[in-house]
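K.L.:
In the numbering used here, the protein residues as written are 318 to 446. For glycine and all other residues, C-beta sits at the position ideal for the given N, C-alpha and C. I'd like to ask you about the structure that follows.
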């Protein structure tokens, strides 16, 4: 399970969202993969796979609430179009129950050049899963 101490600064108030410093943490990657998989189970959705974790925040309050910005690629498609999504996932304390709260496309109708600039930040995590 993700260690909140890794994300929180000492000056942060309890219950506030804190930046996730280690986006390569296996539990954070698990949350991102869960969000994509849960989205793929929805009827009439384009199937996709996780490409990158761009950034994220976490809050402790009756469990962990993650707000992740991720990039995805079309699953099984030849072109592998990259799209950016914001996903919110709730994890009950103990880590066994996950619930997708929201999964929304970000930056609609924006140029992919902008995404390239945004994605290549020090916080970017590349996923080749």
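Does the count of Cβ pairs from the region 369-380 and the region 353-360 closer than 8 Å reach three?
P.N.:
no
K.L.:
On the CB-based measure, 16 or more other CB atoms within 10 Å of its CB, does residue 419 come out buried or exposed?
P.N.:
Here the question's residue 419 lines up with position 102 in the chain shown. So residue 419 counts as exposed.
K.L.:
Please state the DSSP three-state secondary structure of residue 407.
P.N.:
Position 90 of the chain shown, counted from the start, is the residue given in the question as residue 407. DSSP places residue 407 in strand when its eight states are reduced to three.
K.L.:
Which residues share a DSSP beta bridge with residue 298?
P.N.:
No information on residue 298 is available, as it lies outside the stretch 318 to 446 that the chain covers here.
K.L.:
If you drop the 5 nearest sequence neighbours on each side, which residues of the same chain put their C-beta closer than 6 Å to that of residue 409?
P.N.:
For the purposes of this step, residue 409 is taken as residue 92 along the chain shown, with counting starting at 1. For residue 409, where only same-chain residues beyond five positions count, the Cβ hits under 6 Å are 380.
K.L.:
With a threshold of 16 other CB atoms inside 10 Å of the CB of residue 333, please say whether the residue is buried or exposed.
P.N.:
Along the chain shown, one-based indexing puts residue 333 at 16. So residue 333 counts as exposed.
K.L.:
Specify the secondary structure class of residue 397 as computed by DSSP and reduced to three states.
P.N.:
Locating residue 397 in the chain shown gives position 80, counting from the first residue. Here residue 397 sits in coil by DSSP.
K.L.:
Starting from the C-beta of residue 366, find all residues in its chain whose C-beta is less than 6 Å away, skip the five residues before and the five after it, and write them out in chain order.
P.N.:
Indexing the chain shown from 1 puts residue 366 at position 49. Leaving aside the five residues that flank residue 366 on each side, the residues in its chain whose CB is nearer than 6 Å to its CB run, in chain order, 390 and 392.
K.L.:
Alpha carbon to alpha carbon, what distance is there between residue 386 and residue 429?
P.N.:
The residue you call residue 429 lines up with position 112 of the chain shown. The residue you call residue 386 lines up with position 69 of the chain shown. Bear in mind that a pLDDT of 46 at residue 429, under 50, signals an unreliable position, so the number given afterwards is only what the model happens to contain. Approximately 16 Å, taken between the alpha carbons.
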